[in-house]
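Taking it in order: structure first as structure tokens, then the write-up.
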Amino acid sequence: MDFWLIVVVFVILCVYLIIENIVHNNSIKSIPIRIHVNGTRGKSSVARLIAAGVRAGGYRTVAKTTGTLARYIDVDGSETPVFRIGFSNIAEQVKIMFKARRAKADAIVIECMALQPLLQSLCELKLIKATHGVLTNARPDHLDVMGPTERDVAKALAATVPVGAKYFTAEDIHLDFFEYACKDRGSELIAATAQDAEKISDEEINKFVYSEFKINVALALKVTDDLGIPREIALKGMWEATPDPGAMTEYNFNIKNAEINFANAFAANDPVSTKMLWDKLCAKYSGCDKKVLVVNCRDDREDRSKQMAEAALGWQKQDLIVLIGTGTEVFTSFYKKYAKSLNKPMTKVIVCEEMTPIQILEKTVDSNPANSYILVGVGNIKDIGMELVDYCDTSHKKKHNL
């Protein structure tokens, strides 16, 4: 009896999987433009830029991001959270494709949510089958899964190069490897270069309501241009798009009579991206008395804390490092270790675990008194990171009567 029960269950499961595969392939065929976005940094922002530009060009466009907070963006630009029970799973992409089909979408812009190289390949070759692949960059992050080196990360990300399609990238260091991957899969490589980024004027980049990189806009414009959308129309759509919750935003308010400028750069959690933002913000706020690095640590991301501790010693010197989140002892111990081995001077470090946003900010001011500060939040936006951003947003609006 048990044997036949197992057989029946097995047959039912096989039939279900066959039907699901047929339905999914029909979903893929029903959406003529499928844009699969991958990369280390800026995936969500670039996905939103592309979706907004394509939508402005007259295509019924849906998008799905998996960044700071996963979002489904409908054809009218409205957003709904992607609710999950338990951990995220790439099977989620199947449901999104079906939802896009029901919306009668002409185009879908979908962010890759896999880290394991084999799962990245599965996402592209079976779940998305992109007409346009997009790679923002390949940087040293998630080295425990895609590493151990930056070159290994590039190899892992190349798993989402589409077959017989077009592949757009702003990556420059490992471009040779992506050229090889495109040749292997019969796709055309189209690169967004530093020269393309320079064509984005300061006036154009300043029209974004958040801080955006010119190279991200240049990459998105490469895709919209391929779809025949005029540059000015695509840009207008991008300016009007809702920024990703992880997009870098800046706030200004006061704590204990001191002026606080807080930059939400929590989405930057690899050393290369974080240094770029740190340098950019230090230059922008060069008039501030104190430059403070706020690192949100996670006890389940020890490798990231080690990376950040070593990298921070090579950046423009901070006046203070503030540690929030969990597992901060990993950062402090390795920061001391690397400072000694590299013979680098250490910056004062304060630990603010289990503190509220106002307590963190007040301790920062008390630890290094000054008239003005630029605080740059990096590492991860989870938990206290988001709470701190929400507090800064509220304080900014209150000060400026917004």
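Counting from 1, position 58 in the sequence shown corresponds to residue 57 in numbering that gives the first Met the number 0; the numbering is continuous, with no gaps. Backbone N, C-alpha and C fix where the C-beta goes; we use that ideal spot for every residue, glycine too.
Classification of residue i by the beta-carbon crowding that lies within 10 angstroms, buried from 16 upward
| i | result |
| --- | --- |
| TRP3 | exposed |
| PRO161 | buried |
| GLY57 | exposed |
| ASN260 | buried |
| SER87 | exposed |
| LYS198 | exposed |
| ARG297 | buried |
| ASP243 | buried |
| LYS63 | buried |
| LEU401 | exposed |
| ASP105 | buried |
| LYS42 | buried |
| ILE18 | exposed |
| ILE172 | exposed |
| GLY38 | buried |
| ILE5 | exposed |
| PRO147 | exposed |
| ASN295 | buried |
| SER332 | exposed |
| GLU170 | buried |
For residue j and residue i, believed in contact at Cβ under 8 Å, the rounded distance
| i | j | result |
| --- | --- | --- |
| GLY378 | MET307 | 6 Å |
| LEU470 | ASN215 | This structure leaves residue 470 out entirely; the chain is present only between 0 and 401. |
| LYS371 | ILE349 | In the sequence as presented, Lys is not what sits at residue 371; that position holds Ser. Between ILE349 and SER371 the Cβ distance is about 19 Å, and since that is not below 8 Å, they are no contact. |
| ILE127 | ARG54 | Their Cβ separation, rounded to whole angstroms, is 19 Å, which puts ILE127 and ARG54 out of contact at 8 Å. |
| ALA257 | VAL364 | 5 Å |
| THR168 | LEU134 | 4 Å |
| HIS131 | LYS98 | No, HIS131 and LYS98 are not in contact; Cβ-Cβ is about 20 Å, not under 8 Å. |
| ILE380 | GLY245 | 6 Å |
| GLU110 | VAL36 | 5 Å |
| LEU280 | VAL375 | 5 Å |
| LEU217 | ARG40 | A quick correction: the sequence has Ala, not Leu, at residue 217. About 15 Å separates the two Cβ atoms, so there is no contact after all. |
Cα-Cα separation, residue i to residue j
| i | j | result |
| --- | --- | --- |
| SER272 | ALA153 | 15 Å |
| CYS13 | VAL7 | 10 Å |
| GLN317 | LEU292 | 7 Å |
| ALA191 | ARG230 | 15 Å |
| GLU78 | LYS335 | 44 Å |
| LEU312 | ALA338 | 7 Å |
| GLU386 | GLU301 | 22 Å |
| LYS221 | GLN92 | 25 Å |
| VAL10 | GLY236 | 49 Å |
| TRP238 | LEU16 | 42 Å |
| PRO270 | ILE189 | 26 Å |
| ILE228 | THR65 | 26 Å |
| VAL22 | ALA102 | 15 Å |
| ASP183 | LEU156 | 15 Å |
| SER186 | PHE177 | 10 Å |
| ALA50 | ILE84 | 27 Å |
| GLU309 | THR327 | 14 Å |
| ASP288 | ILE373 | 8 Å |
| ASN253 | ALA193 | 38 Å |
| THR325 | GLU352 | 7 Å |
| ASP1 | SER120 | 38 Å |
| PRO80 | ALA69 | 6 Å |
| ASP392 | GLY76 | 23 Å |
| GLY286 | LYS398 | 20 Å |
| PRO368 | LYS290 | 12 Å |
| GLU249 | PHE265 | 12 Å |
| ALA137 | ILE89 | 21 Å |
| VAL329 | SER304 | 6 Å |
Cutoff 6 Å; reference residue i; Cβ partners in own chain excluding five residues on either side
| i | result |
| --- | --- |
| THR346 | GLN317 and ILE320 |
| THR114 | Inspection of the sequence shows that residue 114 is occupied by Leu rather than by Thr. Answer for LEU114: HIS141 and VAL144, listed in chain order. |
| MET96 | SER26 |
| TYR179 | none |
| LYS206 | TRP238 |
| SER210 | MET247 |
| ALA240 | ARG47 and ALA51 |
| SER394 | PHE252 |
| TYR390 | PRO356 |
Contacting residues, own chain, Cβ-Cβ under 8 Å from residue i (five flanking each side not counted)
| i | result |
| --- | --- |
| LEU117 | ALA158 |
| ARG100 | ASN25, SER26, SER29 and ILE30 |
| ILE107 | ILE30, ILE32, ARG33, ILE34, THR60, VAL61, ALA62, LYS63, ILE95, MET96 and ALA99 |
| LYS213 | ALA196, GLU197, ILE199 and ILE204 |
| GLU361 | ILE254 and LYS255 |
Close beta carbons around residue i, own chain, < 7 Å, minus the five adjacent residues each side
| i | result |
| --- | --- |
| TRP314 | LYS274 and TRP277 |
| VAL208 | PRO242 |
| TYR433 | Limits of the chain in this structure are 0 at one end and 401 at the other, which puts residue 433 out of reach. |
| ILE232 | ALA55 and GLY56 |
Beta carbon proximity, residue i to chain D, threshold 8 Å
| i | result |
| --- | --- |
| LYS339 | Protein chain content of the structure displayed is limited to a single chain, and chain D is not contained in it. |
Starting from the N-terminal side, write out each stretch of the beta strand (DSSP E) that is 3 residues or longer and does not extend beyond the segment 330-384. 348-350 and 371-377
For a minimum of 4 consecutive residues, which ranges assigned as the alpha helix (DSSP H) are wholly contained in the segment 261-297? 270-283
Please list the segments of the alpha helix (DSSP H) lying wholly inside the segment 20-107, counting only runs of 4 or more residues, in order along the chain. 42-55 and 91-101
Segments assigned beta strand (DSSP E), at least 3 residues, entirely inside the segment 148-215: Fully enclosed beta strand (DSSP E) runs of 3 or longer: 165-168 and 187-190.
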